[in-house]
Amino acid sequence: MLLLLVLVFVGIFIIAALLLIASNVGTPNQAERTISTLHAALATADFKTTDQIVDVRKQELLSSVPWLNRLLLKQDIAPRLRLLLYQADLKWTAGTLILMCIACFAIPAYLIYLRTGTVLFSLLMGLALSVMPFVFVLHKRTARFDKFEQGLPETLDLMVGALRAGHSLISALDLAANESPDPIGKELRICFDEQNYGLELKTAMTNLTTRVPLQDLKIIVTAILIQKDSGGNLAEVFDKSSYIIRERFRLRRQVRVHTAQGRLTGWILSVLPIVLGIGLYMINPETMSLLWKRPIGIKLLYASGTLTALGAFVIRKIVNMDV
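First residue of the sequence shown? That's 1 in the UniProt record's numbering, and the numbers climb one at a time after it.
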(Lines of atoms letter the chains of each structure in order from A; the text may use other names.)
(Lines give C-alpha, C1' and ligand atoms only; values in the text may rest on other atoms or scores of the structure.)
Protein backbone atom coordinates (compact mmCIF):
# COMPACT_ATOMS: atom_id res chain seq x y z
CA MET A 1 0.00 0.00 0.00
CA LEU A 2 2.83 2.37 0.88
CA LEU A 3 4.56 1.64 -2.41
CA LEU A 4 1.33 2.28 -4.31
CA LEU A 5 0.84 5.66 -2.61
CA VAL A 6 4.40 6.73 -3.39
CA LEU A 7 4.08 5.64 -7.03
CA VAL A 8 0.77 7.51 -7.40
CA PHE A 9 2.33 10.67 -5.98
CA VAL A 10 5.38 10.44 -8.24
CA GLY A 11 3.11 9.86 -11.25
CA ILE A 12 1.01 12.93 -10.43
CA PHE A 13 4.16 15.03 -10.05
CA ILE A 14 5.56 13.86 -13.39
CA ILE A 15 2.26 14.55 -15.19
CA ALA A 16 2.06 18.03 -13.66
CA ALA A 17 5.67 18.75 -14.64
CA LEU A 18 5.04 17.62 -18.22
CA LEU A 19 1.94 19.83 -18.46
CA LEU A 20 3.92 22.81 -17.18
CA ILE A 21 6.68 22.12 -19.71
CA ALA A 22 4.14 21.77 -22.52
CA SER A 23 2.55 25.08 -21.57
CA ASN A 24 5.91 26.78 -22.17
CA VAL A 25 6.07 25.74 -25.81
CA GLY A 26 5.25 28.56 -28.20
CA THR A 27 6.40 30.47 -31.25
CA PRO A 28 8.59 33.46 -30.37
CA ASN A 29 7.84 36.83 -31.95
CA GLN A 30 9.14 40.37 -31.62
CA ALA A 31 7.02 41.21 -28.57
CA GLU A 32 7.98 38.01 -26.80
CA ARG A 33 11.65 38.68 -27.59
CA THR A 34 11.38 42.12 -25.99
CA ILE A 35 9.63 40.69 -22.93
CA SER A 36 12.35 38.02 -22.74
CA THR A 37 14.99 40.73 -22.69
CA LEU A 38 13.15 42.53 -19.91
CA HIS A 39 12.81 39.27 -17.98
CA ALA A 40 16.54 38.68 -18.30
CA ALA A 41 17.36 42.20 -17.16
CA LEU A 42 15.09 41.78 -14.14
CA ALA A 43 16.58 38.37 -13.34
CA THR A 44 20.13 39.75 -13.29
CA ALA A 45 19.25 42.92 -11.39
CA ASP A 46 20.73 43.33 -7.93
CA PHE A 47 18.06 44.94 -5.77
CA LYS A 48 19.06 46.10 -2.30
CA THR A 49 15.57 46.97 -1.05
CA THR A 50 12.06 46.16 -2.10
CA ASP A 51 11.52 49.83 -2.97
CA GLN A 52 14.01 49.43 -5.82
CA ILE A 53 12.06 46.64 -7.47
CA VAL A 54 10.65 48.59 -10.41
CA ASP A 55 9.38 46.62 -13.39
CA VAL A 56 8.40 48.22 -16.71
CA ARG A 57 5.74 45.52 -16.95
CA LYS A 58 3.94 47.43 -14.15
CA GLN A 59 4.65 44.83 -11.48
CA GLU A 60 6.07 41.36 -11.52
CA LEU A 61 4.19 38.80 -9.49
CA LEU A 62 6.40 36.38 -7.63
CA SER A 63 3.27 34.40 -6.82
CA SER A 64 -0.41 34.52 -7.73
CA VAL A 65 -1.16 34.05 -4.02
CA PRO A 66 -1.26 37.60 -2.58
CA TRP A 67 0.17 36.86 0.88
CA LEU A 68 2.95 34.72 -0.58
CA ASN A 69 3.78 37.40 -3.15
CA ARG A 70 4.08 40.04 -0.41
CA LEU A 71 6.24 37.70 1.67
CA LEU A 72 8.59 36.91 -1.23
CA LEU A 73 9.02 40.59 -2.12
CA LYS A 74 10.54 41.10 1.33
CA GLN A 75 12.95 38.16 1.11
CA ASP A 76 16.48 38.25 -0.30
CA ILE A 77 16.03 34.76 -1.75
CA ALA A 78 13.39 35.91 -4.27
CA PRO A 79 15.87 37.37 -6.84
CA ARG A 80 17.99 34.21 -6.62
CA LEU A 81 14.96 32.00 -7.21
CA ARG A 82 13.93 34.19 -10.13
CA LEU A 83 17.40 33.88 -11.67
CA LEU A 84 17.42 30.11 -11.07
CA LEU A 85 14.09 29.68 -12.86
CA TYR A 86 15.27 31.87 -15.73
CA GLN A 87 18.46 29.83 -16.09
CA ALA A 88 16.35 26.66 -16.20
CA ASP A 89 14.20 28.27 -18.96
CA LEU A 90 11.03 27.69 -16.93
CA LYS A 91 8.21 30.20 -16.88
CA TRP A 92 7.35 29.44 -13.29
CA THR A 93 7.23 32.08 -10.60
CA ALA A 94 9.18 31.81 -7.37
CA GLY A 95 5.90 31.28 -5.55
CA THR A 96 5.00 28.36 -7.82
CA LEU A 97 8.29 26.66 -6.98
CA ILE A 98 7.81 27.15 -3.25
CA LEU A 99 4.20 25.92 -3.35
CA MET A 100 5.29 22.82 -5.27
CA CYS A 101 7.92 22.12 -2.60
CA ILE A 102 5.30 22.51 0.13
CA ALA A 103 2.94 20.15 -1.71
CA CYS A 104 5.72 17.60 -2.23
CA PHE A 105 6.35 17.71 1.51
CA ALA A 106 2.80 17.73 2.86
CA ILE A 107 1.06 15.19 0.62
CA PRO A 108 3.50 12.26 0.93
CA ALA A 109 4.16 12.99 4.61
CA TYR A 110 0.43 12.81 5.33
CA LEU A 111 -0.08 9.66 3.26
CA ILE A 112 2.91 7.92 4.86
CA TYR A 113 1.70 8.91 8.32
CA LEU A 114 -1.72 7.42 7.59
CA ARG A 115 -0.01 4.19 6.59
CA THR A 116 2.71 3.89 9.24
CA GLY A 117 1.55 6.10 12.10
CA THR A 118 5.17 7.23 12.66
CA VAL A 119 5.49 11.01 12.80
CA LEU A 120 9.27 11.24 12.54
CA PHE A 121 9.54 8.82 9.62
CA SER A 122 6.72 10.63 7.80
CA LEU A 123 8.40 14.01 8.29
CA LEU A 124 11.76 12.71 7.08
CA MET A 125 10.20 11.18 3.96
CA GLY A 126 8.29 14.41 3.34
CA LEU A 127 11.49 16.45 3.65
CA ALA A 128 13.30 14.11 1.27
CA LEU A 129 10.53 14.42 -1.34
CA SER A 130 10.10 18.18 -0.87
CA VAL A 131 13.32 18.83 -2.81
CA MET A 132 11.97 17.14 -5.96
CA PRO A 133 10.89 20.43 -7.60
CA PHE A 134 14.32 21.94 -6.90
CA VAL A 135 16.01 18.84 -8.30
CA PHE A 136 13.89 19.16 -11.45
CA VAL A 137 14.77 22.86 -11.82
CA LEU A 138 18.49 22.19 -11.28
CA HIS A 139 18.35 19.36 -13.83
CA LYS A 140 16.77 21.67 -16.42
CA ARG A 141 19.35 24.35 -15.60
CA THR A 142 22.27 21.94 -15.98
CA ALA A 143 20.89 20.57 -19.26
CA ARG A 144 20.50 24.09 -20.64
CA PHE A 145 24.04 25.05 -19.64
CA ASP A 146 25.40 21.85 -21.20
CA LYS A 147 23.58 22.64 -24.43
CA PHE A 148 24.99 26.17 -24.35
CA GLU A 149 28.51 24.88 -23.80
CA GLN A 150 28.24 22.28 -26.56
CA GLY A 151 27.26 24.92 -29.10
CA LEU A 152 29.81 27.51 -27.98
CA PRO A 153 32.68 26.41 -30.30
CA GLU A 154 30.49 26.70 -33.42
CA THR A 155 29.32 30.14 -32.33
CA LEU A 156 32.91 31.25 -31.79
CA ASP A 157 33.85 29.98 -35.25
CA LEU A 158 30.98 32.02 -36.69
CA MET A 159 32.17 35.15 -34.90
CA VAL A 160 35.76 34.51 -36.02
CA GLY A 161 34.61 34.40 -39.64
CA ALA A 162 32.63 37.61 -39.22
CA LEU A 163 35.53 39.45 -37.55
CA ARG A 164 38.02 38.35 -40.21
CA ALA A 165 35.58 39.47 -42.90
CA GLY A 166 35.73 42.99 -41.50
CA HIS A 167 32.65 43.11 -39.28
CA SER A 168 32.75 44.91 -35.94
CA LEU A 169 32.33 43.03 -32.67
CA ILE A 170 28.73 44.22 -32.26
CA SER A 171 27.91 43.20 -35.84
CA ALA A 172 29.51 39.78 -35.26
CA LEU A 173 27.50 39.42 -32.05
CA ASP A 174 24.29 40.23 -33.93
CA LEU A 175 25.17 37.70 -36.63
CA ALA A 176 25.91 34.99 -34.05
CA ALA A 177 22.66 35.74 -32.22
CA ASN A 178 20.66 35.32 -35.43
CA GLU A 179 22.44 32.19 -36.67
CA SER A 180 23.03 30.25 -33.45
CA PRO A 181 20.39 27.91 -32.01
CA ASP A 182 18.91 28.37 -28.56
CA PRO A 183 20.00 28.82 -25.85
CA ILE A 184 23.10 30.54 -27.28
CA GLY A 185 21.12 32.53 -29.81
CA LYS A 186 18.64 33.69 -27.18
CA GLU A 187 21.30 34.80 -24.70
CA LEU A 188 23.40 36.58 -27.33
CA ARG A 189 20.28 38.28 -28.65
CA ILE A 190 19.49 39.55 -25.14
CA CYS A 191 23.07 40.79 -24.78
CA PHE A 192 22.88 42.55 -28.16
CA ASP A 193 19.50 44.11 -27.35
CA GLU A 194 20.71 45.34 -23.96
CA GLN A 195 23.62 47.04 -25.67
CA ASN A 196 21.25 48.57 -28.22
CA TYR A 197 18.94 49.80 -25.45
CA GLY A 198 21.79 51.90 -24.06
CA LEU A 199 23.70 49.68 -21.66
CA GLU A 200 27.46 49.73 -21.84
CA LEU A 201 29.05 46.71 -23.49
CA LYS A 202 30.76 45.81 -20.21
CA THR A 203 27.43 45.79 -18.35
CA ALA A 204 25.70 43.74 -21.06
CA MET A 205 28.55 41.20 -21.04
CA THR A 206 28.51 41.03 -17.23
CA ASN A 207 24.78 40.35 -17.32
CA LEU A 208 25.43 37.58 -19.84
CA THR A 209 27.89 35.84 -17.51
CA THR A 210 25.42 36.25 -14.63
CA ARG A 211 22.70 34.49 -16.59
CA VAL A 212 25.11 31.84 -17.92
CA PRO A 213 27.92 31.41 -15.35
CA LEU A 214 30.13 29.11 -17.43
CA GLN A 215 33.90 29.35 -17.06
CA ASP A 216 34.52 29.33 -20.81
CA LEU A 217 32.06 32.15 -21.35
CA LYS A 218 33.66 34.19 -18.56
CA ILE A 219 37.07 33.80 -20.22
CA ILE A 220 35.66 34.92 -23.58
CA VAL A 221 33.90 37.92 -22.02
CA THR A 222 37.13 38.88 -20.24
CA ALA A 223 38.98 38.74 -23.56
CA ILE A 224 36.34 40.97 -25.18
CA LEU A 225 36.56 43.56 -22.41
CA ILE A 226 40.38 43.56 -22.49
CA GLN A 227 40.36 43.96 -26.28
CA LYS A 228 37.91 46.85 -25.95
CA ASP A 229 40.25 48.71 -23.58
CA SER A 230 43.70 47.82 -24.91
CA GLY A 231 43.14 46.37 -28.37
CA GLY A 232 44.34 43.05 -29.78
CA ASN A 233 43.44 40.33 -32.26
CA LEU A 234 40.05 39.20 -30.96
CA ALA A 235 39.50 36.77 -33.85
CA GLU A 236 42.65 34.86 -32.89
CA VAL A 237 41.53 34.71 -29.25
CA PHE A 238 38.14 33.31 -30.28
CA ASP A 239 39.80 30.80 -32.60
CA LYS A 240 42.10 29.48 -29.87
CA SER A 241 39.25 29.42 -27.34
CA SER A 242 37.16 27.32 -29.71
CA TYR A 243 40.04 24.85 -30.12
CA ILE A 244 40.61 24.59 -26.36
CA ILE A 245 36.90 23.99 -25.68
CA ARG A 246 36.77 21.21 -28.28
CA GLU A 247 39.88 19.57 -26.81
CA ARG A 248 38.36 19.68 -23.34
CA PHE A 249 35.19 18.02 -24.65
CA ARG A 250 37.34 15.25 -26.13
CA LEU A 251 39.25 14.78 -22.87
CA ARG A 252 36.00 14.79 -20.90
CA ARG A 253 34.61 11.98 -23.05
CA GLN A 254 37.77 9.94 -22.45
CA VAL A 255 37.45 10.47 -18.69
CA ARG A 256 33.82 9.32 -18.76
CA VAL A 257 34.85 6.14 -20.57
CA HIS A 258 37.54 5.34 -17.99
CA THR A 259 35.23 6.06 -15.02
CA ALA A 260 32.17 4.27 -16.42
CA GLN A 261 32.69 1.19 -14.23
CA GLY A 262 33.00 3.29 -11.08
CA ARG A 263 29.85 5.26 -11.88
CA LEU A 264 27.93 2.05 -12.57
CA THR A 265 29.15 0.61 -9.26
CA GLY A 266 27.92 3.70 -7.45
CA TRP A 267 24.48 3.44 -9.03
CA ILE A 268 24.18 -0.26 -8.22
CA LEU A 269 25.25 0.16 -4.59
CA SER A 270 22.84 3.08 -4.16
CA VAL A 271 19.78 1.57 -5.83
CA LEU A 272 20.19 -2.08 -4.80
CA PRO A 273 19.06 -1.64 -1.14
CA ILE A 274 15.94 0.23 -2.25
CA VAL A 275 15.05 -2.35 -4.91
CA LEU A 276 15.61 -5.23 -2.50
CA GLY A 277 13.52 -3.50 0.16
CA ILE A 278 10.61 -2.98 -2.24
CA GLY A 279 10.89 -6.57 -3.48
CA LEU A 280 10.91 -8.04 0.03
CA TYR A 281 7.98 -5.83 1.02
CA MET A 282 5.94 -7.11 -1.93
CA ILE A 283 6.82 -10.72 -1.02
CA ASN A 284 6.30 -10.47 2.74
CA PRO A 285 4.86 -7.10 3.82
CA GLU A 286 4.29 -8.12 7.43
CA THR A 287 7.95 -8.88 8.04
CA MET A 288 9.23 -5.77 6.27
CA SER A 289 6.73 -3.53 8.09
CA LEU A 290 8.61 -4.27 11.32
CA LEU A 291 11.32 -1.90 10.09
CA TRP A 292 9.06 1.13 10.61
CA LYS A 293 6.83 -0.27 13.34
CA ARG A 294 9.57 -1.21 15.83
CA PRO A 295 12.01 1.33 17.32
CA ILE A 296 15.02 -0.83 16.48
CA GLY A 297 13.78 -1.15 12.89
CA ILE A 298 13.46 2.62 12.54
CA LYS A 299 17.02 3.05 13.81
CA LEU A 300 18.22 0.48 11.28
CA LEU A 301 16.46 2.38 8.49
CA TYR A 302 18.10 5.65 9.52
CA ALA A 303 21.53 4.03 9.77
CA SER A 304 21.26 2.20 6.44
CA GLY A 305 19.97 5.30 4.65
CA THR A 306 22.76 7.45 6.06
CA LEU A 307 25.48 4.93 5.18
CA THR A 308 24.07 4.40 1.67
CA ALA A 309 23.98 8.15 1.01
CA LEU A 310 27.51 8.53 2.40
CA GLY A 311 28.82 5.71 0.20
CA ALA A 312 27.15 7.17 -2.90
CA PHE A 313 28.66 10.58 -2.11
CA VAL A 314 32.17 9.14 -1.69
CA ILE A 315 31.96 7.16 -4.95
CA ARG A 316 30.67 10.23 -6.78
CA LYS A 317 33.58 12.33 -5.52
CA ILE A 318 36.03 9.63 -6.65
CA VAL A 319 34.72 9.19 -10.21
CA ASN A 320 33.87 12.85 -10.90
CA MET A 321 36.87 14.66 -12.34
CA ASP A 322 36.85 18.28 -13.40
CA VAL A 323 38.22 18.72 -16.90
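Built from N, CA and C at the ideal position, the CB exists for glycine as well.
Quick one: Cα of residue i to Cα of residue j, how far?
i, j, result
"VAL255", "ARG263", "11 angstroms"
"GLN87", "ARG211", "6 angstroms"
"PRO183", "LEU83", "15 angstroms"
"SER304", "LEU169", "58 angstroms"
"GLN227", "GLY161", "17 angstroms"
"ASP216", "PHE145", "11 angstroms"
"LEU290", "VAL271", "21 angstroms"
"THR259", "ALA309", "20 angstroms"
"MET205", "GLY232", "18 angstroms"
"residue 324", "MET132", "Limits of the chain in this structure are 1 at one end and 323 at the other, which puts residue 324 out of reach."
"LYS91", "ALA106", "24 angstroms"
"PRO153", "GLN75", "39 angstroms"
"GLU149", "LEU72", "32 angstroms"
Classify residue i as helix, strand or coil using the three-state DSSP reduction.
i, result
"HIS167", "coil"
"residue 324", "Not covered by the structure: residue 324. The range shown for the chain is 1 to 323."
"ALA128", "helix"
"GLY297", "helix"
"LEU114", "helix"
"GLY279", "helix"
"MET321", "coil"
"TYR243", "helix"
"THR206", "helix"
"THR259", "coil"
"ILE289", "The sequence given here places Ser at residue 289; Ile does not occur at that position. Coil, per DSSP."
"LEU157", "What sits at residue 157 in the sequence shown is Asp, not Leu. Three-state result, ASP157: helix."
Can you give me the Cβ contacts of residue i inside the same chain, cut-off strictly under 6 angstroms, excluding the 5 residues immediately before and after it?
i, result
"ALA176", "THR155, LEU158, MET159, LEU188"
"VAL237", "ALA223"
"CYS101", "SER130, PRO133"
Take the Cβ of residue i as the centre, count every other Cβ of all protein chains shown within 10 Å, and call the residue buried at 16 or more, exposed below.
i, result
"TRP292", "buried"
"PRO273", "exposed"
"ILE283", "exposed"
"MET321", "exposed"
"PRO79", "buried"
"GLY266", "buried"
Whose C-beta lies closer than 7 angstroms to the C-beta of residue i among residues of the same chain, with five residues either side of it excluded?
i, result
"LEU300", "LEU291"
"GLU179", "LEU158"
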